[in-house]
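The structure appears right after this line, and notes come after that.
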Amino acid sequence: MQGGITSGVVYPALVCKLAEEYDFQSIGGTSAGAIAAAITAAAQYARNRQKPDAFAPVAKVPAWLGAASEHGSGSNLFSLFQPQPATAGLYKFATAFLLQDKLRRAVALVAPFWLEILLGCVPGILLCSLARAGSGWHHLGIILLGLWVCFDGALVCAACGLLLRLRILPSYHFGFCTGYAAPAKNKPPTLIAWLDDQIDSTAGMPADKPLTFGDLEDAHVTLRMMTTCLTWGRPFTMPFTTGAFYFDPEELKAFFPRHVVKWMVDHPWTKPGDPEWVNPNVDTHLAHGKKLYLLPAAKDLPVIFAARLSLSFPFLFCAVPLYAVDYTRRVRKPNEPVPPKPVPGGSIGPGEKRVPERVWFSDGGLCNNFPINLFDSPLPLWPTFGVELTELRPDRPPIVPPNTETPSDRVWIPNSNGGGINPGWTRVSPVAGLGSTGALAGSMIDSARNWVNSLQAEVPGYRDRIVHIALDKEEGGLNLNMPQARVAALSSYGTAAAQALIDHFIHGTDHGQPTPMTWNNQRFIRYRSTMTLLQKFLVRFAFAIKNPEKGDTPYDDLIQRGPHDPPPTGYRLDPSQVPDATAQTAALVALGSDMTPPKGMPTSLEPGSPHPEPILVIRPDF
């Protein structure tokens, strides 16, 4: 499920409709999609544990989000986003741009800076007062000059006020909202407090026991989410499979309920087979009496923790701090002088323990906003659906008669094997103006973070299982305070999208007419692509084994090398593995040799295979 902040309102109804026909074995999402994925996994966990009406709580989510809050103006959805006191002015300024009414928007933009604006007007007011007692054109000129000074002064002081407020963001985890505050009487819940309760109550967890990835695994449910490590500049799939990360319990209490943090303290990652293991080379005691704990292993990691790391929309939500050791720091030699000015990340002295440093985690959508490949296998045993949220096209056919649009009019899914093959366009106008420049900058950012997903979505076997939901500018996105009717409309689009998937993959129909885009069609496309890729891969494999470059050691000799043979020494096969490696390599070479076509000709399965043709590569897991 794709990210999109409030666009995630479409997902609960979609999930509930699909749940009428399918069980969810694997669920994945990013950002707002991670919220929906977590709740879906909790419901499937309850269903697998024989809980009646397991998806009933999920079905109630859109109506609750769209309903008016009992604790103030706006909807429940809007009330979930609560800024920290110190960043409230910045939050109001940022969200003012979402208001449709121009007067309300203008008032909201200046309200956080009323004091700065007033101070900026003082010189102009004084100047105007000098001309109050006189008359004539020169006095009028002084008044006009005073008004101009008022305007300039107010603008400059408001800009200075904005910059001064922005300077404090690093002290508040680089965001307006932590996403969590302890429940209080007569105050609405925050997003994480609500989501934590929603996940645990839907799953039927006992009090103070958060739903974990291990609980889901025991119930045969797989959940995956994406996050972005800004410090390392890379995405991560959660739950983490590494014991590299530490956390500060006191720090995380600003982000999560206390029972979640306590669970994490009580279940730190340990070395397999040694529950008392502590890395002797790392000092986990920081200044001011802080003690760091290793993040729990995947089986003990709370689902709410992963969801929060995934939905850290930049600046709207704070980045989440964890800690890790920088093993690239050089150890100084015994007699090497200490640098006069130690810098973060500098060398450490001989015998010194390494100290973990902060690493920042932000929104998963920064690197992978549409992780449709999370659960892929060469030949799928069950369908994996993707849900993409797109902009409403300006050239869509008019609805005739007017005002008769149905939810299915907002949903599109390929109805032929060639459907969805063409790339989407982001048009940037060459007309002068800040809007065009901003659009170009936005397209640069989107291209940098979405190019992999955009290419993936055009590949056969992928494009034909993606349902697209078109939203206009007032639906989803950063529209935090959508009216109830709009939330209900978004929910209905989700139901229509689920019905389109069911019609295609179960009933073999599209709007009541037979369609070739069935589950068997999907299976055969994947088989056809996989066989072509394997054939080309094995041809290249066999050629490389049989034709080493002059001077290179043959692969057979590398396979057979013993413990006393010359380098390379890394990753040598165990003697018990050598016979299997030799036999299997020979079998693959024979197979690749049989598949090798005449020079300049395609492999036998290549003609007529699905296009654009994917590639078979080895890439790092994340």
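Under numbering that gives the first Met the number 0, the first residue of the sequence shown is numbered 0, with each subsequent residue one higher. Ideal Cβ positions, reconstructed from N, Cα and C, are used throughout, including at glycine. Keep in mind the model is a prediction, meaning the values are calculated, not measured.
Assuming residue i is part of the alpha helix (DSSP H), what are its boundary residues?
i, result
"residue 554", "554-559"
"residue 441", "433-455"
"residue 489", "483-501"
"residue 213", "212-217"
"residue 594", "577-594"
"residue 526", "518-545"
"residue 551", "Note, residue 551: premise wrong, no alpha helix (DSSP H); not H, not E."
"residue 197", "190-202"
"residue 10", "10-18"
Bridge partners of residue i, per DSSP?
i, result
"residue 466", "386"
"residue 234", "227"
"residue 672", "As displayed, the chain neither begins before 0 nor continues past 621, which places residue 672 out of reach and without an answer."
"residue 411", "467"
"residue 508", "513"
"residue 353", "281"
"residue 301", "211"
"residue 322", "245, 357"
"residue 347", "330"
"residue 4", "476"
"residue 707", "Here the chain comprises residues numbered 0 to 621, so residue 707 is not present and cannot be evaluated."
Could you say which of the options lies nearest to residue i if we only look at CA atoms?
i, options, result
"residue 460", "493, 562, 490, 518", "518"
"residue 72", "480, 535, 317", "480"
"residue 421", "442, 462, 402", "462"
"residue 19", "549, 42, 7", "42"
"residue 597", "87, 419, 538, 202", "538"
"residue 289", "109, 247, 372", "247"
"residue 334", "326, 328, 349", "349"
"residue 359", "395, 308, 332", "308"
"residue 371", "393, 453, 321", "453"
"residue 172", "318, 75, 27, 111", "318"
"residue 543", "565, 587, 207", "587"
"residue 303", "540, 179, 59", "179"
"residue 533", "605, 468, 345, 403", "605"
"residue 677", "188, 558, 541", "The requested residue 677 does not occur in the structure, where the chain is confined to residues 0 to 621."
"residue 271", "284, 297, 12, 258", "297"
"residue 305", "320, 616, 291", "320"
"residue 213", "401, 169, 266", "266"
"residue 221", "336, 211, 475", "211"
"residue 207", "216, 594, 195", "195"
"residue 299", "355, 233, 216, 510", "216"
"residue 281", "250, 239, 324", "324"
"residue 581", "568, 558, 589, 600", "558"
"residue 328", "311, 356, 312, 314", "356"
"residue 369", "389, 378, 381, 352", "389"
"residue 30", "14, 2, 52, 474", "2"
"residue 157", "114, 54, 545", "114"
Taking the beta carbon of residue i as the centre, do at least 16 other beta carbons fall within 10 Å, making it buried, or is it exposed?
i, result
"residue 415", "exposed"
"residue 409", "buried"
"residue 376", "exposed"
"residue 332", "exposed"
"residue 464", "buried"
"residue 535", "buried"
"residue 193", "buried"
"residue 301", "buried"
"residue 495", "buried"
"residue 485", "buried"
"residue 639", "Residue 639 is absent from the model: the chain starts at 0 and stops at 621."
"residue 439", "exposed"
"residue 570", "exposed"
"residue 367", "buried"
"residue 11", "buried"
"residue 102", "exposed"
"residue 26", "buried"
"residue 411", "buried"
"residue 425", "exposed"
Provide the residue span of the beta strand (DSSP E) that contains residue i, from first to last.
i, result
"residue 314", "314-316"
"residue 29", "25-29"
Quick one: is residue i near chain D, going by C-beta distance under 8 Å?
i, result
"residue 311", "In the structure shown, chain D cannot be found, because there is only a single protein chain."
Next on the checklist: At 4 residues or longer, what runs of the alpha helix (DSSP H) sit wholly inside the stretch 39-116?
Outcome noted: 55-58, 60-65, 75-78, 87-95, 101-109
Checklist entry - Which parts of the stretch 238-299 are runs of the alpha helix (DSSP H), unbroken and 4 residues or longer, counting only runs that do not cross its ends? => result 248-251, 257-265
Next on the checklist: Restricting to runs no shorter than 3 residues, where is the beta strand (DSSP E) found entirely within the stretch 355-407?
Outcome noted: 356-362, 385-390
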